[in-house]
Structure formats: structure tokens, C-alpha cells
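In what follows, a single structure is set out as C-alpha cells and then discussed.
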Amino acid sequence: MNKPDVSYSIFQDWRANRGNIKAQFILSLFRLATWVRSNKILIILFIWYLPFYRFFVEWVMGIELPWSLKAGRGLKLQHGQALVVHGQTIIGSNCGLKHSTTIGIRMNPDGSVGRAPIIGNNVDIGAHVCIIGAIEIGDNVAIGAGSIVVKSIPPNCVVVGNPARVVKVNEPVTSSYS
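Under our numbering, read the sequence shown as residues -19 to 158, first letter to last.
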């Protein structure tokens, strides 16, 4: 990620979190940490920043957004607290994360570590949701509060429950300008 990408991502995150200064601040710190981590020279110059980021965001603010996380532009944090996201997770653009959400990996029966989830674009993840394992969540999905997602979710739907199940399939969003 180069510097123009970082600044553009920060502005997109700020726009998505308009009025939420805490989320804007945390996501700015996150984007800077991913930028520092992307270049060996930056790591050397800003070696102090990575421990500061981890201490402040994880310990003080109570949000685990590792700098290894790949998150698209326009990430929205609503009520950002008790949020845990595994560092290998991939999150698309314009996604929303609410409080007390866990996105992580599953340990395989042989003791090996599984793959982290891949989350598409325009996904709204409700409060107290757990997304666990090597699954994919399609674009334009809404996940209801308290859902436990352990299987892949197709695009354009609403899922709820434990385990999460599709309760509504929406028509794909198409542009009238095409």
C-alpha cells in the first residue's frame, strides 16, 4: 500500500464513519500501521509506532484490528469496542462492524490452523456476531445480531441465527447507469 492509497483509504473510512470520532481515529491509526508494516524502510523508521498502535488500540481501546488485516476502503466501526478480527482475514470495501464481534479462524482436528474468513463488499455485520473458519461471505450480505456464521454465505442475502441461516434473498443491486 503506497502513501496515496493510505490517505485515500483514511478519507474513505472517515466518510463512512462521519460523526464517529473514535472510529475515525482508530481507523486512521490502523491504516498508518498497515502502511508502516508494508515497507522495510518504514518499519525501521517508525519501529516505535507498531508497539504504540498495538498497545493503544488493543489494550486501551479494546479493539483487535491487526495491521496484517486486509480491509477495503470505507470500513465502518459502530460502537467500536470488544471487536476481535484475525490478522489473516480479508474484508471488502464498505463493510460495517458492530461491537462485540469476533472474526477468526478455526483449529483443525489435527491441531493445524485453518484459513481466516473472506468477507465481500457491502457486508453489514451485526453486534455480537461470530464468524469462524475458512468461509466466504458474499457481497451485499446483512448478518443479524448474535449470529454464529460457520458456513459460507451467498451474495445478496440476509442471515440470522445460531447457526446462521439465510432468511431472505435480495435482488442483486444493479446500476441504472450501465
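Built from N, CA and C at the ideal position, the CB exists for glycine as well.
Annotation for residue 129: 111 and 144 place their beta carbon closer than 6 Å to its own, counting only its chain and skipping 5 residues before and after. Restricting attention to 113, 30 and 18, the CA atom closest to the CA of residue 88 is found in 113.
For the segment 29 to 60, the full-length alpha helix (DSSP H) segments reaching 4 residues or more read 29 to 33 along the chain.
Between the C-alpha atoms of residue 127 and residue 25 there is a straight-line separation of about 42 Å.
In the assembly as shown, residue 44 is a buried residue. Its beta-carbon has 16 or more other beta-carbons within 10 Å. Non-local C-beta neighbours of residue 59 in its own chain, meaning closer than 8 Å and more than five positions away in sequence, comprise 78, 79 and 107, ordered along the chain.
By the Cβ criterion, the segment 96 to 105 is not in contact with the segment 28 to 48, since fewer than three pairs of Cβ atoms, one from each stretch, lie closer than 8 Å. Rounded to whole angstroms, the Cβ separation of residue 11 and residue -10 is 5 Å, and the two are in contact under 8 Å. Scanning 40, 149, 6 and -4 for the CA closest to the CA of residue 54 turns up -4. Excluding five sequence positions before and after residue 57, the CB atoms of its chain that fall closer than 6 Å to its own CB belong to 3 and 77, given in chain order. Remark: C-beta atoms of residue 124 and residue 138 approach each other more closely than 9 Å.
The C-beta of residue 74 has 16 or more other C-beta atoms within 10 Å across all chains shown, which makes the residue buried.
Residue range 1 to 17 is occupied by the alpha helix (DSSP H) that includes residue 2. With 16 or more other Cβ atoms from the protein chains shown falling within 10 Å of its own Cβ, residue 72 counts as buried. Distance between residue 38 and residue 91, taken at the CA atoms: about 27 Å.
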